Amino acid sequence: MLATETGPIAFPILSALIFIPIIGAVIVALLPKSRPEYPKLVALMASVATAAMSIWLMASFETSEAGFQFVSKHTWIEAWGISWHLGVDGISLFLVVLTGILFPLAILAVDPHHDEKPYLAWLLMLQAGVMGSFLSLDLFVFFVFFEIVLVPMYFLIAGWGYEKRVYAATKFFLYTMFGSAFMLVGLIATVAIASRDIGYTTFDLVVIAEQANFAASTGRWLFFAFAIAFAVKVPIFPLHTWLPDAHTQAPTAGSVVLAGVMLKLGTYGLLRFGVYLFPEASYWSRNLWLTLAVIGIIYGAIAATMQTDLKRLVAYSSVAHLGFIVLGIFAFTTQSMSGSTIQMVNHGVSTGALFLFVGWIYERRKTRQISDLRGLQKVAPIFAAAFMLVMLSSVGVPGLNGFVGEFLILTGSFLTARWWTVVAALGVILAAVYLLWAYQRVFHGEPDEDNKKFPELKIKEGLVLLPFLGLIVFMGIYPKPVLDRVQPSIDALIGRVEDHTDYVQPKPTIELVDHSQEPANPEEEGDG
Amino acid sequence: MIASLLAQAGDWTSPSIDWAALAPEIVLAIGVNIILLLDLQLAETKKWAIATITGFVLLGSFVAVVVLAVTGDGARSLFDGRYVVDDYALILKALFLLAAYVVVLLSQTELEEGGYYQGEFYVLLVCSVLGMVMMASARDLVSIFVALELLSIPAYMMAAWNKRNRKSNEAGIKYYLLGVFASAVLLYGMSLLFGATGSTKLTDIGAALLDGDLIGLDVVAVVFVVCGFAFKISAVPFHQWAPDTYEGAPTPVTAFFSVATKAAGFVALMSVVFIAFPGADGVYQPLIWVMAALTMTFGNVLALRQTNIVRMLAYSSVSQGGFILMPLAFAGEPGVGPAALNAVIVYLIAYAFMNLGAFAVVIAVTRKTRSGEISSFGGLFSYAPGLAVAMTIFFASLAGIPPLAGWFAKFNAFKAVLDAGTTAAYVLAAIAAVNTVIAAAYYMRVLRVVWMDEAPDGDTSPVKSPAPVVAALAITVLGTIVLGVLPNLIARAGAIDALTGAFAG
Chain A
14 MLATETGPIA FPILSALIFI PIIGAVIVAL LPKSRPEYPK LVALMASVAT
64 AAMSIWLMAS FETSEAGFQF VSKHTWIEAW GISWHLGVDG ISLFLVVLTG
114 ILFPLAILAV DPHHDEKPYL AWLLMLQAGV MGSFLSLDLF VFFVFFEIVL
164 VPMYFLIAGW GYEKRVYAAT KFFLYTMFGS AFMLVGLIAT VAIASRDIGY
214 TTFDLVVIAE QANFAASTGR WLFFAFAIAF AVKVPIFPLH TWLPDAHTQA
264 PTAGSVVLAG VMLKLGTYGL LRFGVYLFPE ASYWSRNLWL TLAVIGIIYG
314 AIAATMQTDL KRLVAYSSVA HLGFIVLGIF AFTTQSMSGS TIQMVNHGVS
364 TGALFLFVGW IYERRKTRQI SDLRGLQKVA PIFAAAFMLV MLSSVGVPGL
414 NGFVGEFLIL TGSFLTARWW TVVAALGVIL AAVYLLWAYQ RVFHGEPDED
464 NKKFPELKIK EGLVLLPFLG LIVFMGIYPK PVLDRVQPSI DALIGRVEDH
514 TDYVQPKPTI ELVDHSQEPA NPEEEGDG
Chain B
2 MIASLLAQAG DWTSPSIDWA ALAPEIVLAI GVNIILLLDL QLAETKKWAI
52 ATITGFVLLG SFVAVVVLAV TGDGARSLFD GRYVVDDYAL ILKALFLLAA
102 YVVVLLSQTE LEEGGYYQGE FYVLLVCSVL GMVMMASARD LVSIFVALEL
152 LSIPAYMMAA WNKRNRKSNE AGIKYYLLGV FASAVLLYGM SLLFGATGST
202 KLTDIGAALL DGDLIGLDVV AVVFVVCGFA FKISAVPFHQ WAPDTYEGAP
252 TPVTAFFSVA TKAAGFVALM SVVFIAFPGA DGVYQPLIWV MAALTMTFGN
302 VLALRQTNIV RMLAYSSVSQ GGFILMPLAF AGEPGVGPAA LNAVIVYLIA
352 YAFMNLGAFA VVIAVTRKTR SGEISSFGGL FSYAPGLAVA MTIFFASLAG
402 IPPLAGWFAK FNAFKAVLDA GTTAAYVLAA IAAVNTVIAA AYYMRVLRVV
452 WMDEAPDGDT SPVKSPAPVV AALAITVLGT IVLGVLPNLI ARAGAIDALT
502 GAFAG
């Protein structure tokens with residue numbers, strides 16, 4: 014029963030995006046051991062098919078449309094109004110595409126060295142889980158996917174990671190599970206309370222968002238129940254301590270996926286299930302989030318500077334970068350929120366690529382210690398050049414993608430959260446410090462005996478990198494196609510916040526002086 | 002005196018009995034006799050047939066239940082409403098029979114190979130199941146008590162079945178002493194209840210308790226009855242027997258206790274709470290609230306420290322009991338009753354599949370490793386990937402990871418609690434939420450050993466499971482997955498006016 018199909022064709026593309034990786038995983042798991050060459054082929058076929066469909070999705074996405082597109086809705090558990098409700102809007106579109114692209118590249122880029130079959134099956138399950146989380150518009154379905162994601166990631170880290178992998182995997186699992194346990198309670202409470210306004214029980218996100226009227230205090234409790242889960246996932250300081258361990262100990266593909274898309278489950282969740290579902294509460298609590306975001310930016314950057322392990326350095330840089338995204342979300346301006354949405358994708362691309370490089374360095378040298386590496390630029394100039402480009406994108410150099418996101422976030426946030434933005438801007442400088450310093454230590458200088466034999470970038474690695482580098486440059490030079498798709502949804506979201514509070518978005522013009530006279534972020538808020 | 006009694010007896014007429022409604026019980030009762038007689042006659046070499054016949058007896062009873070469910074229109078009330086066969090009773094009867102069938106499959110090879118086979122085992126098992134099947138329909142204090150004893154007394158013996166094993170004897174004795182003690186408490190509560198209300202029929206008690214304020218006697222009676230059942234469902238602080246009994250008893254018996262016996266306790270508790278105690282919700286709700294919170298927390302914290310898998314499953318089953326109990330703490334809140342009833346039944350069904358499955362894997366693996374230590378499961382994935390995946394499914398389901406049966410059950414329980422919308426409900430839900438995380442820690446620890454560790458003695462020869470164990474695994478894996486993906490199948494279970502209507506007024 015196809016209820017509301019608004020896409021150009023009736024093919025249930027969103028469901029296919031979820032089910033193709035699942036089918037792939039099942040096939041991979043069932044392949045006989047006697048044919049070791051098949052699992053990778055099947056896994057690649059499934060993930061490339063998913064990637065192709067996600068790109069097709071992006072191409073046929075209606076640019077000026079703010080609402081959900083390609084909606085597919087089927088009743089699942091009728092008694093409680095739970096339905097298989099999927100849809101994509103400007104906020105989730107590029108995360109879906111990123112999820113589609115990142116997995117085949119991660120599968121192609123590095124080999125697991127042992128037990129390839131379960132490794133690939135878990136990766137595909139992970140892809141399905143992440144896709145499902147980004148696509149679902151039903152609280153129940155979302156939670157199901159949000160939880161499913163944990164299991165493959167746990168096994169990937171614990172099974173194919175490095176020396177402290179079991180500790181890291183367990184920590185990751187329990188931290189996230191702890192957060193989502195509160196979300197489960199909050200989610201069911203949301204539905205129970207909303208059903209009094211709506212008149213019937215439904216888990217449909219859109220129906221609840223549009224028809225339920227939470228009292229201010231209720232909404233705030235519920236918002237925080239959700240927000241804890243997302244704050245762990247992002248991770249927001251001080252709930253971040255699982256991240257350096259998990260990132261460092263995960264196998265390369267795991268780190269790529271973890272940084273690339275899984276952290277975005279947190280920031281996406283804050284947008285979709287925080288700001289969209291509870292606009293009043295999220296606006297009311299913005300100062301808390303802005304402060305934590307800024308602490309995360311500075312703390313992550315300082316901690317990254319101190320690291321001696323290259324992978325840990327990249328991991329801490331994620332804490333800082335995700336801080337920017339959270340800052341942009343809770344600044345509530347068109348630029349800052351669009352910037353955050355774009356930055357989610359940018360961070361996925363550049364940090365994903367950085368983790369690939371670290372993985373390749375480890376494959377070649379069996380170490381990640383910065384002090385063991387020296388002068389790689391001399392022996393592997395192409396490798397160094399590619400690393401440089403990615404690193405500069407992560408620093409946020411103009412002309413590359415990182416700049417677009419950070420610039421939008423900072424200019425947008427400056428209007429409503431001036432002092433936080435001023436401090437956050439320091440983070441940009443610190444990012445340059447730790448990344449350039451790391452580059453200098455690893456790639457400059459004279460290579461010693463061990464590093465002299467460092468092999469150059471292989472052709473396969475180069476091919477894997479091409480999409481990353483292409484995206485880094487393209488989004489840096491011409492972000493308009495992305496912005497065109499993101500902005501309508503963001504404007505609609507801010508419109509919701511304005512409807513539910515007395516917040517009015519300051520006009521993003523040069524007359525900043527006027528706005529500083531009438532405080533841009535009025536202290537008295539909504540119905541609280 | 003005697004003359005007056007005889008005079009009364011003269012008025013007594015035999016009640017008209019709806020024999021069809023009793024068909025499942027009758028099949029079981031006849032089956033018990035057939036098994037007992039056949040076991041005497043069969044040659045030693047053909048003893049294996051007993052298990053098969055037991056299976057057919059259970060199947061016959063199951064067919065009767067299904068026929069009643071399909072053809073039945075509404076509830077069939079027997080003996081003046083003291084024995085009711087409605088949808089609620091039927092779904093639970095089916096559950097008991099299915100669980101017993103899986104236990105028979107698991108026992109078959111285990112008992113023979115352990116060298117303590119005796120045909121009476123199946124007799125006792127079917128007797129116990131008969132008690133459970135009766136329990137589902139019992140709507141009277143006396144029939145509840147009779148059913149409880151009928152299911153418990155064979156269980157005491159089954160716990161000590163491994164006669165030459167000291168631990169098994171300890172298990173039997175502990176279970177027996179504490180079980181009898183619980184029965185005494187329960188009986189005392191029931192007698193007080195009868196004294197206070199003048200009836201043993203649950204609906205009459207319900208009406209009497211609703212009528213006017215509770216007196217001290219009522220309160221004591223309700224507390225005693227609830228505590229008496231709390232022993233059966235091993236709710237903290239009445240759980241002490243569970244770990245020792247579970248560890249000492251033969252593993253299939255442990256599986257039976259942790260699923261079927263526990264479910265029977267819950268069924269009795271539900272019947273009493275929903276039909277007899279709606280007027281006493283002020284008494285039993287706080288009591289159950291505290292027990293649920295303690296049960297899940299203690300069970301989990303103790304499970305964390307276990308190194309023996311059966312003991313860990315014992316404590317995990319204690320803690321799962323807390324989750325099952327949780328919705329009952331709000332059974333009396335307006336509008337929550339049906340949801341709570343539904344939540345408990347759904348949880349019992351899901352729990353039966355996943356816990357029996359977990360024990361099935363343990364039985365299959367320990368046949369080879371001969372060790373109950375969690376560490377002995379190391380490397381399972383490398384030499385028995387099928388069992389490892391099955392174990393992952395069961396433990397993930399127990400941990401409440403979607404889309405498996407346990408997840409839906411947990412979700413349902415949370416939903417029933419949060420529907421109440423009181424502060425107490427939110428607090429209990431938060432406690433339960435924290436507990437799901439603790440539970441995940443020890444379930445994942447086992448999975449970590451299964452997937453990541455090396456086989457402890459380097460022995461990676463494949464595990465050969467006998468056909469009955471494979472069949473048990475197939476049933477439980479299928480149930481765990483199907484109920485998780487298509488929860489519609491049981492989402493309405495127990496949302497039945499026949500029972501809930503009794504306390505709505």
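Chains A and B are the protein sequences, given in the same order. To convert, take the position in the first sequence, counting from 1, and add 13; that gives this note's numbering. To convert, take the position in the second sequence, counting from 1, and add 1; that gives this note's numbering. We put the CB at the ideal spot given by N, CA and C, even for glycine. All figures in this text were calculated on a predicted structure; none of them were measured in a lab.
Run down chain A in chain order and give the residues with a C-beta less than 9 Å from the C-beta of B/TRP452.
PRO131, PHE168, ALA171 and GLY172
Less than 8 Å between CB atoms is the rule here; does A/GLU176 satisfy it with respect to chain B?
Output row for A/GLU176: interface = no.
Compute the distance between the beta-carbons of B/LEU388 and B/VAL464, then report whether it is under 8 Å.
For the pair B/LEU388 and B/VAL464, the CB atoms are nearer than the 8 Å cut-off.
Could you tell me whether any Cβ in chain B is nearer than 8 Å to the Cβ of A/VAL245?
Not closer than 8 Å to any Cβ of chain B, the Cβ of A/VAL245 fails to qualify, so no.
Quick one: does A/ILE26 have its CB under 8 Å from some CB of chain B?
no
CB-CB under 7 Å to B/ALA430, same chain, minus the five flanking residues each way: which ones, in chain order?
PHE415, VAL418 and LEU419
Can you give me the start and stop residues for the alpha helix (DSSP H) that A/PRO352 sits inside?
It is worth fixing the name first, because residue 352 of chain A is Gly in this sequence and not Pro. Its alpha helix (DSSP H) spans residues 347–378.
Assign A/SER60 to buried or exposed, taking buried as 16 or more other Cβ atoms, counted over all protein chains shown, within 10 Å of its Cβ.
buried
Restricting to runs no shorter than 4 residues, where is the alpha helix (DSSP H) found entirely within the stretch 243–284 of chain A?
255–262, 265–270 and 276–282
Where does the unbroken beta strand (DSSP E) through A/ILE90 begin, and where does it stop?
82–90
Compare the C-beta of B/ASN301 with all C-beta atoms of chain A and state if any pair is closer than 8 Å.
At a cut-off of 8 Å between beta carbons, B/ASN301 makes no contact with chain A.
Give the straight-line distance between the Cα atoms of B/ALA507 and B/GLN109, rounded to the nearest whole angstrom.
Residue 507 of chain B lies beyond the residue range present for chain B, which begins at 2 and ends at 506; the question has no answer from this structure.
Is A/GLY94 helix, strand or coil when you go by DSSP?
DSSP places A/GLY94 in the coil class of the three-state scheme, outside both helix and strand.
So with Cβ pairs under 8 Å, would you call B/LEU419 a contact of chain A?
yes
Are A/VAL157 and B/PRO404 close, meaning C-beta to C-beta below 8 Å?
yes
From B/ASP212 to B/GLY280, what distance separates their C-alpha atoms?
8 Å
On the three-state DSSP scale, how would you describe B/TYR84?
strand
What residues from the stretch 188–204 of chain A come within 8 Å of chain B, judged by C-beta to C-beta, listed N to C?
MET190, PHE191, ALA194, PHE195, LEU197, VAL198, ILE201, ALA202 and VAL204
Within the chosen definition, does the stretch 458–477 of chain A reach the stretch 377–389 of chain A through at least 3 CB pairs nearer than 8 Å?
yes
Between B/THR437 and chain A, is there a C-beta pair that is closer than 8 Å?
yes
Within the same chain, show all residues whose beta-carbon is closer than 6 Å to that of A/ASP497, passing over the 5 residues directly before and after it, in chain order.
THR76
Check whether chain B comes within 8 Å of A/THR183, counting only Cβ atoms and requiring the distance to be less than that.
yes
Could you compute how far the alpha carbon of B/PRO467 sits from the alpha carbon of A/LEU133?
31 Å
My parser needs the alpha helix (DSSP H) runs of 4 or more residues fully inside the stretch 87–164 of chain A; what are they?
The qualifying runs are 103–122, 129–148 and 152–161.
Using CA coordinates, which residue listed in A/ASN226, A/VAL269 and A/TYR447 is at the minimum distance from A/GLU293?
That would be A/ASN226, whose Cα lies nearest to the Cα of A/GLU293.
Could you tell me if A/ALA263 is buried or exposed, where buried requires 16 or more neighbouring beta carbons within 10 angstroms of its beta carbon?
It is buried - the Cβ of A/ALA263 has at least 16 other Cβ atoms within 10 Å.
Can you tell me which of the three DSSP states B/LYS202 falls into?
Strand at B/LYS202.
Could you list the residues in the stretch 30–64 of chain A with a C-beta less than 9 Å from some C-beta on chain B, going in chain order?
ALA42
Cβ closer than 8 Å: which chain A residues qualify as neighbours of B/GLY402?
Gly is not the amino acid found at residue 402 of chain B; the sequence shown has Ile there. Per Cβ cutoff of 8 Å: GLU160, ILE161, LEU163 and VAL164.
Buried or exposed, going by whether 16 or more other CB atoms sit within 10 Å of the CB of B/ALA222?
buried
When the distance is taken between beta carbons, is B/ALA410 closer than 8 Å to B/VAL337?
no
Taking buried to mean at least 16 other C-beta atoms within 10 Å of its own C-beta, is B/SER167 buried or exposed?
One detail in the question is off: residue 167 of chain B reads as Arg in this sequence, not Ser. B/ARG167 should be labelled exposed.
Can you grab the Cα-Cα spacing for the pair A/LYS493 / B/PRO386, in whole Å?
The alpha-carbon separation between A/LYS493 and B/PRO386 amounts to approximately 50 Å.
Sort B/GLN42, B/LEU38, B/ALA30 and B/LEU23 by Cα distance to B/VAL68 and report the nearest one.
B/LEU23
Do A/ALA259 and A/ALA181 count as a contact pair if the criterion is CB distance below 8 Å?
yes
Can B/ALA183 and B/PHE232 be called in contact, C-beta distance under 8 Å?
yes
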